[in-house]
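> Here numbering that gives the first Met the number 0 is used: the first residue of the sequence shown is 0, the next is one more, and so on.
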Amino acid sequence: MRYILILLITASLAFAGTIQPQLQREMSESFADELIPVFIVVQGELDLDWIEAATADMTREESQQFVVEALKDKAEITQAPVLDQLGSYGQANVANVHPLWLANSIYCEATPLVIREMASRDDVILVEKGTYENSGLIEPVEVRPVSPEEREKAIVWSVTQINADDVWAMGYNGDGIIVGVIDTGTDYNHMDLHNNMWHDTPNGYHYGYDFYDDDYDPMDTYGHGTHCSGSVLGDGSEGTETGVAPGAVCMALRIDYYSGGEYTWIEAMEFGADYGASVLSMSLGSGQGNTTLRTAEENLLTCGVYHSVAAGNSGSGSGTILSSGDSPPPWFHPDQVHHGGQSAVVTVGATDDNDNIASFSSRGPVTCWADYTDSSPLIDPDISGPGVDVISTSWGGGYESMSGTSMATPHLAGVVALILDANPSLSVAQIDEIIETTSLDLGTAGKDNTFGAGRVDALAAVQEALAVGVAAGEGEAGPADLLISSVNPNPVSGLASFDVYTASPGMADIAVFDLSGRRVATIGGQEMAAGSQSYTWMVPETIGNGIYFVKATVNGSTVTSRMAVVR
Numbered sequence: 000m001r002y003i004l005i006l007l008i009t010a011s012l013a014f015a016g017t018i019q020p021q022l023q024r025e026m027s028e029s030f031a032d033e034l035i036p037v038f039i040v041v042q043g044e045l046d047l048d049w050i051e052a053a054t055a056d057m058t059r060e061e062s063q064q065f066v067v068e069a070l071k072d073k074a075e076i077t078q079a080p081v082l083d084q085l086g087s088y089g090q091a092n093v094a095n096v097h098p099l100w101l102a103n104s105i106y107c108e109a110t111p112l113v114i115r116e117m118a119s120r121d122d123v124i125l126v127e128k129g130t131y132e133n134s135g136l137i138e139p140v141e142v143r144p145v146s147p148e149e150r151e152k153a154i155v156w157s158v159t160q161i162n163a164d165d166v167w168a169m170g171y172n173g174d175g176i177i178v179g180v181i182d183t184g185t186d187y188n189h190m191d192l193h194n195n196m197w198h199d200t201p202n203g204y205h206y207g208y209d210f211y212d213d214d215y216d217p218m219d220t221y222g223h224g225t226h227c228s229g230s231v232l233g234d235g236s237e238g239t240e241t242g243v244a245p246g247a248v249c250m251a252l253r254i255d256y257y258s259g260g261e262y263t264w265i266e267a268m269e270f271g272a273d274y275g276a277s278v279l280s281m282s283l284g285s286g287q288g289n290t291t292l293r294t295a296e297e298n299l300l301t302c303g304v305y306h307s308v309a310a311g312n313s314g315s316g317s318g319t320i321l322s323s324g325d326s327p328p329p330w331f332h333p334d335q336v337h338h339g340g341q342s343a344v345v346t347v348g349a350t351d352d353n354d355n356i357a358s359f360s361s362r363g364p365v366t367c368w369a370d371y372t373d374s375s376p377l378i379d380p381d382i383s384g385p386g387v388d389v390i391s392t393s394w395g396g397g398y399e400s401m402s403g404t405s406m407a408t409p410h411l412a413g414v415v416a417l418i419l420d421a422n423p424s425l426s427v428a429q430i431d432e433i434i435e436t437t438s439l440d441l442g443t444a445g446k447d448n449t450f451g452a453g454r455v456d457a458l459a460a461v462q463e464a465l466a467v468g469v470a471a472g473e474g475e476a477g478p479a480d481l482l483i484s485s486v487n488p489n490p491v492s493g494l495a496s497f498d499v500y501t502a503s504p505g506m507a508d509i510a511v512f513d514l515s516g517r518r519v520a521t522i523g524g525q526e527m528a529a530g531s532q533s534y535t536w537m538v539p540e541t542i543g544n545g546i547y548f549v550k551a552t553v554n555g556s557t558v559t560s561r562m563a564v565v566r
């Protein structure tokens with residue numbers, strides 16, 4: 000994430016303030032009192048080296064929760080002054096404000112004047128469009144009833160084609176792995192899904208969350224999400240097994256799947272990461288180069304959550320993959336010679352029962368980023384899976400057939416659940432590497448912009464995952480009692496942010512010193528609980544250019560982070 004944000008800051012100097020060019024054009028065509036949907040990306044990111052050190056000996060679950068809390072804390076501290084200013088304008092000028100900790104950004108609808116004033120802030124990196132034309136659900140290209148012959152099959156063809164049933168015979172069915180399905184909701188009353196639904200209360204009423212209606216009832220009202228959920232984990236209670244991982248747990252995350260709902264997609268990612276989902280599946284698409292979505296996906300990787308995302312149904316034209324599918328994967332395939340940033344996203348294309356690419360499956364490359372351009376493209380999609388005439392659970396009961404990359408995406412999510420059942424210690428990057436290198440290579444040899452690395456093979460992937468070995472993970476606090484992150488940004492001219500981690504509670508002294516060792520500012524001097532704490536410091540005008548040191552002392556131990564002040 001650091002790489003792309005530095006590029007964004009540099010690129011922002013080329014146009015007015017930090018306003019995205021597409022947004023500038025929209026503003027120029029808008030009335031003065033018109034409310035425009037925007038994302039305000041706020042300065043302040045986690046130091047990945049600091050995260051790695053703090054979570055070194057934690058279990059997968061502990062590390063995920065640690066990063067989630069650190070991201071929340073960072074967003075709360077850094078967004079506070081921005082939210083205060085937004086709150087001062089009144090409802091006529093600012094509406095529908097949604098702070099987002101996973102992307103350290105704020106979604107809102109604001110007038111052109113407010114947008115310009117927010118973009119002029121030193122602690123705002125970028126203001127970009129909050130929605131794009133034709134964004135939303137990646138609709139299937141065909142929906143039809145199942146035939147009697149298809150209905151009579153014990154296991155659907157798409158599950159056996161990727162050898163998932165052979166993995167079940169080994170004793171792995173995704174048992175207990177939480178998969179968040181970000182979609183139109185899930186019919187949790189369907190016989191094949193009901194017993195596998197996630198809940199967070201003893202009575203089992205909460206099956207996820209509905210970010211469209213803002214309540215705890217993510218019931219499907221459209222059908223798409225139920226079909227995708229069934230491909231992840233439909234257990235065949237109604238007669239036909241449709242799920243790749245029938246022992247997994249479905250966390251239903253209903254979002255605004257119409258144009259303008261992108262912020263609810265991020266809220267769904269946040270919920271999944273916060274409540275223990277190891278895998279997310281999403282069949283949605285927004286405008287290419289959506290920085291806020293990519294930032295959320297980068298932080299999702301830091302959390303340790305795998306994200307299976309549909310490539311889209313735009314057909315054989317090159318460069319047709321939308322955000323978040325245009326985000327880079329967590330592992331660089333050897334054929335991906337140009338290395339930019341990485342994220343949790345693994346983008347999925349669609350194949351038929353003969354392993355041909357579907358005519359509708361979107362193709363790469365991706366060339367819309369500062370780190371992935373025409374001269375240094377990103378190969379996309381990353382992998383392919385069954386997506387033509389896929390039989391899965393139907394809203395209201397029974398089964399139906401759908402075609403689209405939306406159908407391939409949950410197959411990959413199910414494979415990841417199988418892998419984590421077999422080896423829960425694997426990182427997101429390791430899982431991606433295993434899946435890509437064990438896939439059935441199709442089309443051009445190696446990874447290409449049609450099939451990606453090939454068609455996913457669940458059996459080969461799980462066998463490879465077992466060969467890696469299972470790490471125990473003791474779940475201890477980490478190798479160090481006290482850690483301080485790097486200062487962001489560095490050099491700094493205005494607002495500086497950093498994080499401190501302590502394994503034990505104690506009185507904390509957080510201060511800034513110059514090269515002579517003289518204390519020039521005290522940032523904090525209060526009792527600090529065990530865990531991480533985010534800090535911000537506005538560099539006073541009295542502080543001159545030069546090198547300074549931020550020091551944190553807790554329980555007699557001191558750590559230091561170097562900072563350059565350049566105005």
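Ideal placement from N, C-alpha and C gives every residue a C-beta, glycine not left out.
Predicted model, so just to flag it, every value in this text is computed and none were measured.
Return the chain-ordered list of same chain residues with a C-beta closer than 6 Å to the C-beta of serine 531, the five sequence neighbours on each side being excluded.
Cβ neighbours of serine 531 beyond the five flanking positions: Ala69, Asp498, Tyr500.
> Helix, strand or coil, according to DSSP, for leucine 148 in the structure here?
Going by the sequence as given, residue 148 is glutamate instead of leucine. The answer is helix: DSSP assigns glutamate 148 an H, G or I state.
> With distance defined between alpha-carbon atoms, name the residue in Asn289, Ala247, Val243 nearest to serine 265.
The displayed chain sequence assigns isoleucine, not serine, to residue 265. It is Asn289 whose Cα lies nearest to the Cα of isoleucine 265.
> Which residues in the same chain as histidine 205 place their Cβ atom closer than 6 Å to its Cβ, once the five residues preceding and following it in sequence are excluded?
Closer than 6 Å at Cβ, skipping near neighbours: His198, Asp199, Tyr215.
> DSSP state of lysine 73, grouped into three classes?
Of the three classes helix, strand and coil, the one that applies to lysine 73 here is helix, per DSSP.
> I think asparagine 544 touches valine 511, with their Cβ atoms under 8 Å apart; what is that distance to the nearest whole Å?
Between valine 511 and asparagine 544 the Cβ distance is about 14 Å, and since that is not below 8 Å, they are no contact.
> Tell me which residue opens and which closes the beta strand (DSSP E) that leucine 99 is part of.
Here the beta strand (DSSP E) through leucine 99 covers 93-99.
> Tell me the rounded alpha-carbon separation between alanine 551 and serine 492.
Between alanine 551 and serine 492, the C-alpha separation is close to 21 Å.
> Distance, Cα to Cα, phenylalanine 14 vs glutamine 429?
Residue placement at phenylalanine 14 is poorly supported in this model, since its pLDDT is 35, which falls under 50; the coordinates still yield a value, given next. Taking the straight line joining both Cα atoms gives about 39 Å.
> CA-CA distance, threonine 110 and glutamate 28?
Their Cα atoms are separated by approximately 12 Å.
> Tell me the rounded alpha-carbon separation between aspartate 46 and glutamate 60.
Going by the C-alpha atoms only, they are around 20 Å apart.
> Take every Cβ of the segment 69-79, pair it with every Cβ of the segment 155-165, and state whether three or more of those distances are shorter than 8 Å.
The segment 69-79 is not in contact with the segment 155-165.
> What does DSSP give as the partner residue(s) for phenylalanine 512 in the beta ladder?
Answer is Arg518, Phe548.
> How far does the alpha helix (DSSP H) with methionine 572 in it reach, from first residue to last?
In the structure as shown, the chain starts at 0 and stops at 566, and residue 572 therefore has no counterpart that could be examined.
> With C-beta atoms as the reference, is valine 243 less than 9 Å away from leucine 125?
Going by C-beta atoms, valine 243 is not nearer than 9 Å to leucine 125.
> For tyrosine 398 and threonine 185, I'd like the C-alpha separation in whole angstroms.
Approximately 14 Å between the Cα atoms of the pair.
> The alpha helix (DSSP H) with serine 350 in it runs from where to where?
A small fix is needed here, since residue 350 is threonine in this sequence, not serine. Counting along the chain, threonine 350 falls outside any alpha helix (DSSP H), though it belongs to the beta strand (DSSP E) covering 344-350.
> Do the segment 446-462 and the segment 505-523 make contact, defined as three or more Cβ pairs closer than 8 Å?
Verdict: no, contact absent.
> Which residue comes first and which comes last in the alpha helix (DSSP H) that contains leucine 232?
Taken as a continuous stretch (DSSP letters only), the alpha helix (DSSP H) holding leucine 232 covers 223-232.
> Name, in chain order, the residues that DSSP records as bridge partners for isoleucine 356.
In DSSP, isoleucine 356 forms a bridge with Thr350.
> Checking the sheet assignment: what are the DSSP bridge partners for leucine 136?
Leu283, per the DSSP bridge assignment.
> Report the rounded CA-to-CA distance for arginine 561 versus glycine 505, giving the unit in angstroms.
Computed Cα separation, rounded: 23 Å.
> Please report the straight-line C-alpha distance between leucine 300 and proline 329, rounded to a whole angstrom.
So the two alpha carbons sit approximately 7 Å from each other.
> Mark serine 315 as exposed unless 16 or more other C-beta atoms lie within 10 angstroms of its C-beta, in which case mark it buried.
Counting Cβ neighbours within 10 Å, serine 315 comes out exposed, since fewer than 16 surround it.
> Exposed or buried, leucine 232, counting other C-beta atoms within 10 Å across all chains shown (16 or more means buried)?
Leucine 232 comes out buried.
> May I ask you to report which of helix, strand or coil DSSP gives proline 327?
Coil, per DSSP.
> Where serine 313 and serine 361 are concerned, what is the direct C-alpha to C-alpha distance, given to the nearest angstrom?
Using only the alpha carbons, I get a separation of about 5 Å.
> In this structure, how does DSSP classify serine 560 when only helix, strand and coil are distinguished?
Correct three-state label for serine 560: strand.
> Check whether the segment 251-270 touches the segment 388-403, taking contact to mean three or more Cβ pairs, one atom from each stretch, closer than 8 Å.
Not touching, per the Cβ criterion.
> Return the Cβ separation of methionine 537 and leucine 481 in integer angstroms, given the expectation that the two are a contact with Cβ distance under 8 Å.
That pair is no contact at about 25 Å.
> Could you check which residue in Gly468, Gln341, Thr350, Asp379 has the C-alpha nearest to that of leucine 441?
Nearest of Gly468, Gln341, Thr350, Asp379 to leucine 441, Cα basis: Thr350.
> On a Cα-Cα basis, can you pick out the residue from Ala444, Thr239, Cys367 that is closest to glutamate 151?
It is Thr239.
> May I ask you to report which of helix, strand or coil DSSP gives glutamine 63?
Residue state, collapsed to three classes: helix.
> Rounded to the nearest angstrom, what separates threonine 220 and tyrosine 257 at their Cα positions?
Straight-line Cα distance between these residues: approximately 13 Å.
> Check whether the segment 206-213 touches the segment 365-380, counting contact only when three or more Cβ pairs, one atom from each stretch, lie closer than 8 Å.
No, the segment 206-213 is not in contact with the segment 365-380.
> Quick test of your reading: isoleucine 35 and alanine 118, contact by CB under 8 Å. State the CB separation rounded to the nearest angstrom.
Contact doesn't hold; Cβ gap of about 12 Å is too wide.
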